[in-house]
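>
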Amino acid sequence: MRYWTVNRRDQSIALVGMMGSGKSSVGHGLHRRTGLAVRDTDEIVAGTFEMSIPEIFAEHGEQKFRDAETEALRRVRTEKELIIITGGGIVLRKENITILRNHAVTVWLDGDEETLFARASGKQNRPLLQTKNPRKTFSQILAARRPLYAELADIRVDTSALTAEEVAVAILAKLKRTDPKLKSPRRKKK
Ligand code: S3P
10 MRYWTVNRRD
20 QSIALVGMMG
30 SGKSSVGHGL
40 HRRTGLAVRD
50 TDEIVAGTFE
60 MSIPEIFAEH
70 GEQKFRDAET
80 EALRRVRTEK
90 ELIIITGGGI
100 VLRKENITIL
110 RNHAVTVWLD
120 GDEETLFARA
130 SGKQNRPLLQ
140 TKNPRKTFSQ
150 ILAARRPLYA
160 ELADIRVDTS
170 ALTAEEVAVA
180 ILAKLKRTDP
190 KLKSPRRKKK
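Now the structure itself:
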């Protein structure tokens, strides 16, 4: 299956969703299946600071990270037909949402809370979860963001019981089913 048979116009495919939703693995799965180049906003930000994400949070704070994240997205906007992997907080800024709306078909990788938390807490590289009660923090962040992901996304995939490869296949199948002739395809939810 070739990319141009499944995607609309020359848009990119952007992956959004909570920490632990598998955006990175799924993004690379999509890359293998479509041949599209991958841009990962976390990687771009880490490259800009020449530091890991936890180091950026510790030394510069979250706001500087968010500024750099938006700047990364502005850079990505200048290219077409990409797989864009985003950080879980990309939906926190209106400018980010506008860029994603105009530039990409946005796919929300969702899942049940326990599964997402188990995946997200497996690695110690999430500064926002370095709290006394990471489980509660995760729950609060997820509750605040779910409506934002839902509002933005063209497509939602429940990743709870799927491997990253299965999610990639599901995304491509859903994109293929999207009618390119629809006048306002991006408002056609899920
Ligand atoms: C964040 C998620 C992280 C990273 C940063 C902030 C968030 O990316 O951008 O730690 O606000 O949810 P992942 O979603 O890839 O973990």
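Each residue of the sequence shown is one higher than the one before, counting from 10 in this note's numbering. Using N, Cα and C, we set each Cβ at its ideal position, and we do this for glycine too.
#1: Name, in chain order, the residues that DSSP records as bridge partners for LEU91.
#2: Does the region 147-163 come close enough to the region 92-107 that 3 or more CB-CB pairs lie under 8 Å?
#3: Who pairs with ARG165 in a beta bridge, going by DSSP?
#4: If the criterion is Cβ atoms closer than 9 Å, does the pair ALA46 and GLU80 meet it?
#5: Just to confirm, is the Cβ distance from THR140 to SER169 under 9 Å?
#6: State the Cα-Cα distance for the pair ASP51 and ILE150, rounded to the nearest angstrom.
#7: Have a look at ILE65 and ASN111 and give me their C-alpha separation to the nearest angstrom.
#8: Following the continuous alpha helix (DSSP H) through ILE65, name the residue where it begins and the one where it ends.
#9: Go through the region 126-184 residue by residue and report every complete run of the beta strand (DSSP E) that reaches 3 residues or more, in order.
#10: Taking ILE94 as the reference, which of LYS185, SER61, LEU157 and MET27 has the closest Cα?
#11: THR107: buried (16+ other C-beta within 10 angstroms of its C-beta) or exposed?
According to the structure data:
#1: Position 82 of the sequence shown holds residue 91. Partner(s): ALA46.
#2: Remark: three or more beta-carbon pairs, one from each stretch, lie closer than 8 Å, so the region 92-107 and the region 147-163 are flagged as touching.
#3: If you number the sequence shown from 1, residue 165 lands on position 156. Looking at the DSSP assignment, ARG165 forms a beta bridge with TRP117.
#4: Locating residue 46 in the sequence shown gives position 37, counting from the first residue. Locating residue 80 in the sequence shown gives position 71, counting from the first residue. No, the Cβ-Cβ distance between ALA46 and GLU80 is not below 9 Å.
#5: Translated into positions along the sequence shown, residue 140 becomes position 131. Translated into positions along the sequence shown, residue 169 becomes position 160. Result no, Cβ atoms of THR140 and SER169 do not sit closer than 9 Å.
#6: Here residue 51 refers to the residue found at position 42 when the sequence shown is read from its first residue. Here residue 150 refers to the residue found at position 141 when the sequence shown is read from its first residue. Approximately 18 Å, taken between the alpha carbons.
#7: Within the sequence shown, numbered from 1, the residue matching residue 65 stands at position 56. Within the sequence shown, numbered from 1, the residue matching residue 111 stands at position 102. Roughly 29 Å separates the two Cα atoms.
#8: To locate residue 65, count along the sequence shown from 1; it is residue 56. Run containing ILE65: 62-69, per the alpha helix (DSSP H) assignment.
#9: 164-167
#10: Counted from its first residue, the sequence shown places residue 94 at position 85. Ranking the options by Cα distance to ILE94, first place goes to MET27.
#11: Position 98 of the sequence shown, counted from the start, is the residue given in the question as residue 107. Exposed, because fewer than 16 other Cβ atoms sit within 10 Å of the Cβ of THR107.
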